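Undergrad: Supplied in structure tokens, the structure appears directly below.
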Amino acid sequence: MNAQESLREYEVQTIRFVGNETFGEEVLQSVTQLRETPSWFFKFLFTVSEKLGERNEYFDPIVFETDFARLRNFYHDHGFFHVHIDTQLSINHTEKTVALTYVIQEGRRSYIDSVVYNGLEGLPGEVIEEVRNQSLLQVGEPFQTQVVDNELRRIVQVFVNHGYIAFRVDTLIAKRFASTNNVKIEMRFTAGGRYRFGAIRILSDTAVTERVEEEVILRHLDFRTGDFYSEAKKAESERNLNRLGVFESAQVQHVFDPSNDTSRAIPIQINVRPRPFHEITPEVGVSDENNAFNILFGVGYNNRYFLGGARNFSTRAGLQIQSIQSIRWSEVFKKGGHLDSSLVGKFDLSVQMIQPYLFTNKISLSWTISSIFEKQKAYFLPILNNRVGIAAQTADFTRLFVDWNLQRINPTVLIGSGPDPLQGRGLQPQFNSIITFTLQRDKRNDLFSPTDGFFHSGSVEEAGFLPSLFGGVFGSRLPYSRYYKLSIVGQWYWNVVDERYLILATRVKGGYAQLYARSPANEVPLTRRFFGGGSSSVRGWKSRELGAFPQPDRGGNASFEANVETRWHLFKYAGKLWFINLPNISLVFFYDAGNVWRSVGTVRGSEVAMATGLGFRWDTIAGPVRIDFGVRVYDPTASVGQRWITERRFFAETASSGVLHFGIGHSF
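If you read the sequence shown in my numbering, its first letter stands for residue 35, the second for the next number, and so on.
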């Protein structure tokens, strides 16, 4: 020990693991506390500011011995009960450094032999089935202490969600057989009495004048007095109330001590604080709608309790301008200047009503009427839209959306200095009836900055069936499209190293639309097509400038995109530098691929565009502020010999034609 004590001033040069077949070096390094000393660059930064660099890492004999025990316990917890670990120290007295090596002989691993649950006799069948059939412990799987702990927590939740709040675990035994080295896991429970929801009391904050009817609150609960108690239903009921938007806060609490209760009825107290029912909101901000940086101006009115029942009525007017640096303002303010090709933007006026309760608190109904005037470089597009939507919570983390849109569009193409109707150009005026079914499953751990989980979405859209069935009932002589459209999106997130330090995010999405049954209109509506390029697409191109055909700003009927991002919070532990909170800053490396085609039949693998680049993120209350710079790795529209990044001069051709993107929120 004295020899090791003398090494306290020696830096840890390297830490190596030898013989570790099951677990990688990064995993084992996360178990131990000793770290390798940083490189000279980070040492230098540390002398400038402790917030930017890293301090030297020195050998500590006590921590070294503790790390040895941690590694051994880690292997035991994962079923390696015969693991043997040796340590080696290589000392350089001249440079005062120590190199550590852990030599690991993992030995034979233990697997789960059997799982026995005792104490289930006489319990309801649904409880027994849920305990046994949804077990996390599977025979033949490796023994892991963490999985056993997770199973124990799951069982506690099962009993508590079926009214057994006095449930306890009497014994938990993991017995290892010497003959097979495998483990038998045995648990014994005492369920105790079964409890029900008791009387429900509602308390509204007296500091505010607004009041929400008790009937509205009660119908958004997932339980009633007399139902078997469930912690999950209590928590979901609280979420239901807070999702209404009419409360600043809503809490559902039980108010009893089970040790002093003999009635087995749990009283419930609901504390609510209503928000102001009327609100006028001016808007000045930015967004990344249409995969581009937009400046927004608007004003909205919101009535959160329209005609009672927590019904929401809102109206909004908004102006959105894109790429203001490219606008010829002297032309825009002339007569007819709103048609100038340099102007890209949108004005919309909408009225919406949301009925939060439709047959059940899991289904809501919305009705929106909107008038939109969209201006792109090549065309001007007035849109009148009437939308009726139904949103249903079909399961935990899963939602179903059904939308019916009645949409009239009257596009005008801009050629030279004046407008020209789009008759015969594939973009004619239309009046469409569009029905869309969308199923989403969202298990991201955070809506704005996810670090784990996934998001899946699939939609099926059809237009033209109702007009063809009912003829002139819709009262329009304009042609309509008969088409179907399929779209899918998959997003996945992983913590690669540590929570919120290095995140890997991927997305794949695609879709296609197809006319059918002699469509009266010869094109899918402009508003329902796919567009490529922009801040949430393939970032080597500007918004709506990517397509495997001329005039990509008019969109296509087939699309595919794949995106990969590594989000590096390199200053996670840095604290503040002046007024900047460094942990809120992260860097992103991204790689995008994809394109848009006229139809599925024209899709070619050789036309998949690719881009890469670097990004900057600054986390704010409204979400991450995003700046990305993308360059083209492969440009299928370039001439032969200029398509790949390796065939072009980097600074003179590739970097100079790169695209800078701004946005709010992550790209996906």
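The C-beta atom is built at its ideal place from N, Cα and C for all residues, glycine as well.
Since the structure is predicted, the reported quantities are computational estimates derived from the model, not experimental observations.
Let me check understanding here. Comparing Cα to Cα, which of 108, 103 and 127 lies closest to residue 121?
TA: 103
Undergrad: Between the alpha carbons of residue 582 and residue 592, how many angstroms are there, rounded?
TA: Near 10 Å, if we compare the C-alpha coordinates of residue 592 and residue 582.
Undergrad: Output the distance between the C-alpha atoms of residue 497 and residue 561, rounded to the nearest integer angstrom.
TA: Going by C-alpha positions, residue 497 is about 13 Å away from residue 561.
Undergrad: Quick one: what's got a C-beta closer than 6 Å to residue 298's C-beta in the same chain, skipping five residues either side?
TA: Closer than 6 Å at Cβ, skipping near neighbours: 227 and 229.
Undergrad: Compute the distance between the beta-carbons of residue 698 and residue 321, then report whether it is under 8 Å.
TA: In this structure, residue 698 lies near residue 321, with their beta-carbon atoms less than 8 Å apart.
Undergrad: Is residue 124 closer than 8 Å to residue 133 when the C-beta atoms are compared?
TA: yes
Undergrad: Relative to the alpha-carbon of residue 740, which residue among 80, 151, 136 and 602 has its alpha-carbon at the smallest distance?
TA: Because the chain spans 35 through 702 in this model, residue 740 falls outside it and cannot be assessed.
Undergrad: Tell me whether residue 479 sits in a helix, a strand or coil according to DSSP, three-state version.
TA: Coil.
Undergrad: Are there any heavy atoms of the ligand FAD lying less than 7 Å away from the beta-carbon of residue 302, as far as the coordinates show?
TA: In terms of ligand content, the structure shown is empty, and the ligand FAD therefore cannot be addressed.
Undergrad: Closest to residue 623 by C-alpha separation, out of 203, 645, 630 and 232, would be which residue?
TA: 645
Undergrad: Any idea if residue 48 is buried or exposed, counting beta-carbon neighbours within 10 angstroms, 16 or more meaning buried?
TA: exposed
Undergrad: Output needed for residue 587: all residues of its chain with C-beta closer than 6 Å, excluding positions within five of it in sequence on either side, in chain order.
TA: 410, 412 and 578
Undergrad: Identify whether residue 288 lies in helix, strand or coil by the three-state DSSP scheme.
TA: Three-state DSSP puts residue 288 in a strand.
Undergrad: Taking all protein chains shown into account, do 16 or more other C-beta atoms lie within 10 angstroms of the C-beta of residue 333, making it buried, or fewer, making it exposed?
TA: exposed
Undergrad: Are residue 601 and residue 647 closer than 8 Å when you measure CB to CB?
TA: No. Outside cutoff.
Undergrad: Here's a check: name, in chain order, each residue in its chain whose Cβ is nearer than 7 Å to the Cβ of residue 262, leaving out the five neighbours to either side.
TA: 196, 197, 228 and 230
Undergrad: Please decide whether residue 470 counts as near chain B, where near means a Cβ-Cβ distance under 8 Å.
TA: In the structure shown, chain B cannot be found, because there is only a single protein chain.
Undergrad: Please name the residue, chosen from 513, 90, 75 and 55, that lies closest to residue 46 on a Cα-to-Cα basis.
TA: 90
Undergrad: Considering only DSSP beta bridges, list what residue 6 is partnered with.
TA: The structure shown does not extend to residue 6, since the chain is modelled only from 35 to 702, so the question has no answer here.
Undergrad: So the candidates are 115, 137 and 131; which of them puts its Cα closest to the Cα of residue 59?
TA: 137
Undergrad: For residue 603, which residues of its own chain have a beta-carbon under 6 Å away from its beta-carbon, when the five flanking residues on both sides are left out?
TA: 534, 535 and 620
Undergrad: Tell me whether the beta-carbon of residue 403 lies closer than 8 Å to the beta-carbon of residue 424.
TA: no
Undergrad: I think residue 436 touches residue 471, with their Cβ atoms under 8 Å apart; what is that distance to the nearest whole Å?
TA: 6 Å
Undergrad: Whose C-beta lies closer than 7 Å to the C-beta of residue 415 among residues of the same chain, with five residues either side of it excluded?
TA: 408, 443, 445 and 560
Undergrad: Does the beta-carbon distance from residue 465 to residue 478 come in below 8 Å?
TA: no
Undergrad: DSSP on residue 526, reduced to helix/strand/coil?
TA: strand
Undergrad: Could you compute how far the alpha carbon of residue 364 sits from the alpha carbon of residue 469?
TA: 42 Å
Undergrad: Pull up the DSSP beta-bridge partners for residue 176, would you.
TA: 145
Undergrad: Please work out which residues of its chain come closer than 6 Å, Cβ to Cβ, to residue 285, disregarding the five sequence neighbours upstream and downstream, and give them in chain order.
TA: 305
Undergrad: In the DSSP assignment, find the beta strand (DSSP E) that holds residue 653 and state where it starts and stops.
TA: Unbroken beta strand (DSSP E) run through residue 653: 643-654.
Undergrad: Hey, residue 547 and residue 530: beta-carbon distance below 8 Å or not?
TA: no
Undergrad: Report the rounded CA-to-CA distance for residue 115 versus residue 142, giving the unit in angstroms.
TA: 8 Å
Undergrad: Measure the CB-CB distance between residue 567 and residue 325 and report whether it falls below 8 Å.
TA: yes
Undergrad: Locate the alpha helix (DSSP H) running through residue 261, then write down its first and last residues.
TA: Taken as a continuous stretch (DSSP letters only), residue 261 belongs to no alpha helix (DSSP H), as it is neither H nor E.
Undergrad: Over what stretch of residues does the alpha helix (DSSP H) that includes residue 356 continue unbroken?
TA: No alpha helix (DSSP H) contains residue 356, which is instead part of the beta strand (DSSP E) from 346-356.
Undergrad: As an exercise, report each continuous beta strand (DSSP E) stretch of at least 3 residues that is fully enclosed by the region 395-419, in chain order.
TA: 397-409
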